[in-house]
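Here is the structure we will look at.
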Amino acid sequence: MTDTPAPAPPTVSVVVATRNRPHLLAKAIDSILGQDYAGGIECVVVYDQVPPDTSLERSDPHRSVVVTGNDRSPGLAGARNSGALRSRGALLAFCDDDDEWLPGKLSAQVSLLESRGADVAVSGIYVLFDGRSTARVADESSLTVLELARRRVMEAHPSTVLVRREAFFDRIGLVDEEIPGSYGEDYDWMLRAAAAGPIVAVQEPLVRVLWGSQSFFQRDWRMVVDGLEYLAGKHEILRADPRASAKLTGRQAFALAAMGERRRAVRLAWRTFRSNWRQPRSYLVLLMAAGLLRPDFMLRTAHSVGRGI
């Protein structure tokens, strides 16, 4: 009697959307190809609105690099979808071009995905900002639609996502390219993923997320306001749940205050307060509108402890 050989680990395709950050991109690619994962890894680098650098291509079947351009809508959402459609792996992952994976990320996530029979796995992150590293790990109880709506749970970062190919293309769907400026496209996708089935999480930080580098898109507060308005119209939970609604309107109010639209910001701050008086953004926006706080100071303060506004 001969032993049946164990099935080969599934190939993982990793989509990296990029634009004008070659040094950071090189580190991201090295961290992906340097995984201790026994299966094959295909890194799909998608250049958005800039010429692709085909010198990065690598044909090794165990650790390959494919370079392509964004042939869908300009921006992060279209670039991620272009890479996903170009990929071949049974599992699909994403990594921002300014982030780095720790060597054990894929091995831990694939093992968890297979043992739990889930479609989506995430992991914790290290937030790197201003010389400080802050560990953030999401508990699986926070990865439900309701908790994601209330808290967003930035620990479930897009650079940690691993998803089965058929789930991405069928049960969950591609990244929404209609969101203004692709703002919050990862949040929208996570809400849909949670609605499609349980999300499992490796309870350790396995990705270094660099904050404070030049953004993939320049900060545009109008885009933030419009993007959040789009998400509110798409996801009923963001309107129906008071805590979720307060978080969303508080973020819109902050963006309006940062733009100098103080009257609209104050109106939204009061609306936020009425939905949930514990939501701190209502108080912060009122202080900003009074000229007592600056948005850049608030952002730096939040980033310094691994959080966002």
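According to UniProt numbering, the residues represented by the sequence shown are 1 to 309, in order. The beta carbon of each residue, even a glycine, is placed where N, CA and C say it ideally should be.
Pairwise C-alpha distance: residue j and residue i
i	j	result
residue 192	residue 166	14 Å
residue 49	residue 34	28 Å
residue 157	residue 210	12 Å
residue 81	residue 133	30 Å
residue 140	residue 65	32 Å
residue 78	residue 17	9 Å
residue 253	residue 189	23 Å
Rounded Cβ spacing between residue i and residue j (contact assumed at less than 8 Å)
i	j	result
residue 149	residue 198	Not confirmed; about 16 Å, so no contact.
residue 283	residue 231	That pair is no contact at about 23 Å.
residue 237	residue 145	6 Å
Sub-7 Å separation of residue i and residue j beta-carbons
i	j	result
residue 12	residue 106	yes
residue 101	residue 207	yes
residue 256	residue 264	yes
residue 201	residue 135	no
residue 153	residue 142	yes
residue 251	residue 245	no
residue 28	residue 97	yes
Three-state secondary structure assigned by DSSP to residue i
i	result
residue 114	helix
residue 137	coil
residue 38	coil
residue 291	coil
residue 101	strand
residue 278	coil
residue 128	strand
residue 181	helix
residue 68	strand
residue 301	helix
residue 17	strand
residue 253	helix
residue 151	helix
Limits of the beta strand (DSSP E) - the one that residue i falls within
i	result
residue 203	199 to 210
residue 48	Careful: residue 48 lies outside any beta strand (DSSP E) and carries neither H nor E.
Extent of the continuous alpha helix (DSSP H) run through residue i
i	result
residue 237	237 to 240
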